[in-house]
Structures are given as structure tokens and as C-alpha cells.
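Worksheet for the structure shown next.
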Amino acid sequence: MNSVTAIPEPQILLSSSIADMAVMEEPNVLTWQRFYALLNQQSWRRMVKREQGGHLDTLVLAGFFRLVKRPNQTVTLQRLSLQLDSALNSTWSWVNCRYSLEFMMQSYQSALAWRFSRVLEFAIGAIVKDLEKQGVSALVVPVKTVKKNGDDSIDTTPITTAYLDMGKPAKKWVSEQFTKQFSFLDQGITQGSRALYKHLWDFVDKEKLSLYLQIHQCTLSEVSFGELHTFSQHVIDVARYQQHRDWLPWLSTFPRGQYRHYAHPNLFSYEHLQAHLPKTVSKGVIRKINRQSRQVQALLIKTKMWTPPALSLLDALSGYPTTIQVRLLSRAQYDIASKHERLQRLVFRWANYFKPMIGRVKVRKQKPQWERALMQFHDVLHWVEREDAVIHKNQTWYSLVAQHDRWVARLNAERLKADAQKDAVTWEAAQWQGFDTQGVQIKEITSGLELRTEGQDMEHCVFSYFDECVGQRYRVFSLVSDSERATLGVDQEPVSRLVQYDQLRGARNEMSSQRMAQVAQELIRSINAKSNGELGR
18 MNSVTAIPEP QILLSSSIAD MAVMEEPNVL TWQRFYALLN QQSWRRMVKR
68 EQGGHLDTLV LAGFFRLVKR PNQTVTLQRL SLQLDSALNS TWSWVNCRYS
118 LEFMMQSYQS ALAWRFSRVL EFAIGAIVKD LEKQGVSALV VPVKTVKKNG
168 DDSIDTTPIT TAYLDMGKPA KKWVSEQFTK QFSFLDQGIT QGSRALYKHL
218 WDFVDKEKLS LYLQIHQCTL SEVSFGELHT FSQHVIDVAR YQQHRDWLPW
268 LSTFPRGQYR HYAHPNLFSY EHLQAHLPKT VSKGVIRKIN RQSRQVQALL
318 IKTKMWTPPA LSLLDALSGY PTTIQVRLLS RAQYDIASKH ERLQRLVFRW
368 ANYFKPMIGR VKVRKQKPQW ERALMQFHDV LHWVEREDAV IHKNQTWYSL
418 VAQHDRWVAR LNAERLKADA QKDAVTWEAA QWQGFDTQGV QIKEITSGLE
468 LRTEGQDMEH CVFSYFDECV GQRYRVFSLV SDSERATLGV DQEPVSRLVQ
518 YDQLRGARNE MSSQRMAQVA QELIRSINAK SNGELGR
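Numbering (the working numbering), first residue to last: 18 to 554.
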């Protein structure tokens with residue numbers, strides 16, 4: 018009996034790469050039009066929106082990011098997350114996130130645009146990552162191609178779309194699209210900037226902010242909300258920190274932004290603190306610095322002026338008002354490391370000389386007197402640094418000031434001598450053909466004295482071109498009419514003697530009239546015509 022043989026269905030063998038493409042289904046890619054429509058479901062063009070409902074108090078930024086304050090006053094950061102089903106239907110939900118919000122606690126409104134842009138960029142980048150985790154492999158984006166005349170064998174069919182990997186390429190491309198749109202939201206950003214600081218302070222723990230400022234001794238414009246939020250999460254027992262106020266500035270010696278030290282049970286102890294300081298900083302040094310006023314203590318810690326030479330200055334300034342101590346120490350910090358012995362002698366002599374002012378001359382009411390005393394210290398210190406002067410053991414402050422005054426007199430004499438030498442220098446004048454000057458008198462400046470006088474009379478810096486004028490690389494003219502005076506400067510080519518317009522300024526660098534500008538241009542043409550005529554001969 019004949020049997021019918023079953024023939025198997027034909028099979029096609031594909032390479033691994035082709036097989037992967039064959040398996041890819043349509044939901045694995047997302048078009049930009051669809052993605053943009055999904056993002057537009059949120060009001061991302063509104064920079065700030067306060068929402069209070071139920072037990073949550075929220076501040077939404079750029080539609081996709083928000084600050085959440087709970088009934089226990091805990092503040093958390095959240096962003097919107099996007100979930101897509103097989104039919105590309107969207108489900109939005111808020112999820113906790115970690116992001117350092119870069120808004121400063123005090124800032125100009127004009128400086129907030131890029132900060133809002135960074136928030137939006139972070140949130141949308143996170144949404145792109147959500148879609149990547151859900152299996153969306155590519156974002157289909159429109160592209161523009163430039164027509165090129167190529168060889169007949171080259172396919173010149175224009176490409177209208179491109180597939181971007183749902184990772185960094187897609188994230189970067191989407192961020193660029195929103196950045197372009199962001200530039201048209203000036204009004205919304207201005208309104209959002211006003212609303213931000215109206216509501217942001219409700220999400221700040223004032224006690225922890227006070228602790229942060231005491232630790233870092235900074236202003237509100239130097240503190241970002243993100244850094245303050247991170248700090249607040251690590252500071253649990255506020256009362257503990259308040260009980261150790263003298264220790265707070267020392268916490269600034271820990272690496273900024275690394276708060277693992279704050280969890281140490283012996284945070285406010287000599288042993289734990291000294292482990293993070295140079296070995297030369299003993300308990301006695303810490304005690305001495307802690308006995309100072311808060312401003313002086315913070316300055317010594319911030320500038321690391323805890324060496325014996327630096328601390329010896331405190332003894333010299335003992336009894337002086339805190340403001341004066343801070344001003345003097347701030348100036349001395351740059352020299353204490355290298356030439357401490359000379360600086361010590363200088364500070365001791367100044368402090369001893371002006372000691373009678375303590376208690377008698379008030380810092381606020383009689384401020385000019387203290388300013389003169391401080392300025393005298395700065396002047397003498399400047400002389401010591403410039404001349405590398407030696408301060409003798411028994412030298413008085415009065416003698417130091419006298420030496421400084423003699424040094425200044427010598428410098429002035431040398432300057433006057435140099436000025437006199439420059440004033441005597443002259444140079445060759447330019448030649449030009451006659452033309453209608455419209456009643457404007459033209460005089461070329463051909464000596465150092467005339468150039469200096471022009472700069473003094475017009476109150477501008479034309480004398481700084483002295484060397485160029487002497488080298489015949491620059492020419493200066495004084496243009497005077499019945500109602501106006503201006504200074505014309507032109508560049509000159511040394512070989513051809515052709516000149517080119519550089520600037521025309523009135524008194525105090527003010528702009529000149531159109532009449533003066535026309536005369537200046539005609540003068541330049543006349544000079545060049547004369548120069549070309551001489552070259553042709």
C-alpha cells in the first residue's frame with residue numbers, strides 16, 4: 018500500500034541581526050509626536066504652582082517636579098513618572114527622587130531661567146529612562162536633509178525620520194527641543210520667579226537653616242535649596258546642635274556636602290574633631306579659638322589661621338572691637354603663612370599705637386577715625402610687601418609710617434620725572450589735503466604734553482596711547498567747534514602711512530555728534546589721499 022509522505026512546511030533561516038529586527042514590534046518605538054503629546058498633558062510651561070490638598074502641601078516646578086511637605090513638616094522631592102500600556106495609553110504618577118535643586122535661597126529673578134530649565138531637563142530625562150526600562154528601544158524623530166547633487170549610483174531619497182536610542186541620544190535630543198521652546202517663555206519665567214520665593218520659604222526648616230548659616234558663615238545667596246535640603250535630612254536632633262553652638266563653625270572643616278560625619282555619636286568632641294584637623298591643632302588651640310567672638314572664630318576657622326603665629330595676632334588685638342579685628346585679620350591672612358614674624362611685628366606695633374582708641378572711639382559713630390587707622394595699616398603693609406622691608410625689633414609705628422611716606426614721596430618724584438620726560442617727546446605730524454571742515458577746528462596732537470593735556474581736559478584715557486603715537490602707529494586729533502569738542506583716534510600703518518578710524522569720543526568718553534563724525538571721516542580720506550599721492554611719486 019502506498020503511503021503519502023508528509024512534506025514539512027518550508028523554513029527561512031535568518032541571521033541573528035535580521036532575526037532581532039523581525040522580532041521588534043511597533044510598540045518598541047515611540048514617535049516624537051506621540052511623546053510630545055504625552056508631555057503636553059502636564060502644564061510644564063507654568064514654572065511654579067502651589068497645590069494644597071488633603072494632608073499634602075506641594076510646590077510644583079515646571080509641571081514635572083515638586084516639593085512635598087507632609088503634616089510632620091518633612092519635605093521630600095518627587096517627579097512625575099510615565100507608564101505606557103500596549104496601546105500606548107499613559108499613566109502618570111509621582112515618585113520620590115534625588116535631585117539637588119539649584120535655586121539659591123536669595124537670587125535675582127533674571128538668574129532663574131536656566132535653573133528652571135535644569136529642573137525640566139532632569140525630569141524629562143528621568144521620564145525617558147522610565148520608557149527605556151519599559152522596553153521602548155527608540156524614539157522616532159523628524160530630521161531635515163540637505164539636497165546634494167551626487168552620483169547616479171547614490172540613493173538621494175530624502176530621509177524624513179531617524180531612530181534615536183532610548184538612552185543618552187534621545188535624552189539629549191529631547192532636552193534640546195525643550196530648551197529651544199524655553200527661550201519663548203520669558204513672561205512665564207518672570208512670573209514663576211516671583212512666585213517661587215513667595216512659596217519656597219514655606220518648605221524650609223528655619224531652625225536648620227540657622228544651623229547651616231552658623232556652620233558655614235555664609236549669606237542666603239550662597240545657599241542652594243538642594244544643599245540645604247540634603248543638610249536638613251542629616252540633621253535630626255536640632256537641640257543637640259543648638260547646645261554646641263561654639264562647635265558649629267568647626268563642622269565646616271568637614272568636606273562640604275559629605276554629611277556622614279554628622280551621624281557620629283561623638284561629633285562634638287575633641288577626639289573626633291582633631292582627627293580631621295592638622296596635628297598642630299591642639300585642644301588648647303580649639304579652646305582659644307572658641308573663646309573669640311563668632312565672627313573672629315569663623316574667620317580663623319575658614320582661613321585656617323590656627324597656627325601659633327596666627328593666634329599670636331589675637332593677643333595683640335585683644336580688646337579691639339570685633340569689626341576691627343576681622344578687618345585686620347582678613348588683610349593679614351595672606352602673609353601669615355610665609356612671613357609671619359614680620360607681620361607679627363607690624364600688627365603688634367599698630368595695635369599698641371592705636372590702643373588708646375579702644376572704648377573711646379566708637380566703631381559706628383566715629384567710623385572715619387577707624388577707617389584712617391586701618392588704611393594706615395594697609396598702606397604700611399603694602400610698602401613692606403613691595404619693598405621687602407625689614408622691621409627692626411625696637412622700631413615704632415611712627416617710624417614705620419615715616420618710612421612709608423618717604424617711599425611714597427620717592428615714587429611720586431620718579432613718576433613726575435618720567436612724566437616730564439614723556440611730555441618733552443614729540444613726533445612727526447600727518448599731512449592732509451584741505452577740505453570743508455564745517456567750522457570745526459582740527460589740531461593734531463604731536464607731543465606728550467599735548468596728549469596728557471587732552472586726556473585731562475576730556476577726562477578719558479587717550480594718554481595711554483603715548484607709545485603708539487611715538488612709534489607712528491597711532492594718531493590723535495582734537496576737533497573743536499563752537500558747541501562741541503571731541504577726540505579722534507586713528508590707527509596708522511607704519512609703511513604706507515594710511516590711517517583707519519578707531520574711535521571718536523567726547524568728554525568722559527561720551528558719543529560725538531553726526532557732524533563731528535562726518536568731519537572725522539573726511540579728515541581720514543584727506544590723509545589717505547595725501548599718503549597715496551606721495552606713494553605714487
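For each residue, glycine too, the CB sits at the ideal point set by N, CA and C.
Small disclaimer: the values here were computed from a predicted structure and weren't measured.
- Going by DSSP, residue 326 is part of the alpha helix (DSSP H) stretching over 325-333.
- In this structure, residue 375 lies near residue 336, with their beta-carbon atoms less than 7 Å apart.
- Distance from the CA atom of residue 462 to the CA atom of residue 503, rounded to whole angstroms, is 13 Å.
- Counting C-beta pairs closer than 8 Å gives three or more between the region 88-95 and the region 110-130, which meets the contact rule.
- Assignment of residue 139 by DSSP, reduced to helix, strand and coil, places it in the helix class.
- The distance from the Cβ of residue 523 to that of residue 501 is about 7 Å, consistent with a contact at the 8 Å cut-off.
- Under the DSSP assignment, residue 507 falls in the beta strand (DSSP E) whose first and last residues are 502-509.
- Closest option to residue 134, judged by alpha-carbon separation, among 119, 145, 147 and 219: 119.
- The C-beta distance from residue 490 to residue 473 rounds to 23 Å, too long to fall under 8 Å, and the pair is not in contact.
- DSSP places residue 431 within a helical segment (H, G or I) once states are collapsed to three.
- Of the candidates 223, 258 and 264, the residue whose Cα lies closest to the Cα of residue 245 is 223.
- Taken in chain order, the complete alpha helix (DSSP H) segments of 4 or more residues contained in the region 37-116 are 49-56.
- Looking at 86, 545 and 332, the one whose alpha-carbon comes closest to that of residue 308 is 332.
- Rounded to the nearest angstrom, the gap between the Cα atoms of residue 109 and residue 54 is 13 Å.
- In the three-state reduction of the DSSP assignment, residue 185 falls in the helix class, which pools H, G and I.
- Take residue 424, set aside five residues on each side of it, and the residues of its chain with a beta-carbon closer than 7 Å to its own are 400 and 404, in chain order.
- Note that the C-beta distance between residue 122 and residue 240 is below 7 Å.
- Following the DSSP letters along the chain, one finds residue 155 inside the beta strand (DSSP E) bounded by residues 155-159.
- Between residue 505 and residue 546, the C-beta spacing is not below 7 Å.
- Short of 6 Å from the beta carbon of residue 117, and not among the five residues preceding or following it, lie these beta carbons of its own chain, in chain order: 243.
- Distance between residue 351 and residue 322, taken at the CA atoms: about 10 Å.
- Judged by DSSP secondary structure, residue 232 falls within the alpha helix (DSSP H) whose first and last residues are 223-233.
- Distances from the alpha-carbon of residue 72 to those of 89, 407 and 397 put 89 closest.
- When 68, 418, 59 and 540 are compared, the shortest CA-CA separation from residue 219 is found for 68.
- Straight-line measurement puts the Cα of residue 231 at about 42 Å from the Cα of residue 191.
- The residue among 258, 216 and 487 with its C-alpha nearest the C-alpha of residue 227 is 258.
- Taking the Cα positions, residue 349 is about 7 Å away from residue 360.
- Taking residue 159 as reference, the option from 145, 149 and 176 with the minimal CA-CA separation is 176.
- Partner residues in the beta bridge of residue 460, as assigned by DSSP, are 495.
- In the DSSP annotation of this structure, residue 517 is not part of any alpha helix (DSSP H); the continuous beta strand (DSSP E) holding it starts and ends at 516-522.
- Nearest C-alpha to residue 188 among 52, 254 and 328: 52.
- Following the DSSP letters along the chain, one finds residue 287 inside the alpha helix (DSSP H) bounded by residues 287-291.
- In summary, residue 367 is buried, with 16 or more beta-carbon neighbours lying within 10 Å of its beta-carbon over all protein chains present.
- Just so you know, the alpha carbons of residue 488 and residue 540 end up roughly 21 Å apart.
- Taking a C-beta distance under 7 Å as the contact criterion, residue 318 and residue 385 do not qualify as a contact pair.
- Nearest neighbour of residue 372 by Cα position, chosen from 390, 475 and 311, turns out to be 390.
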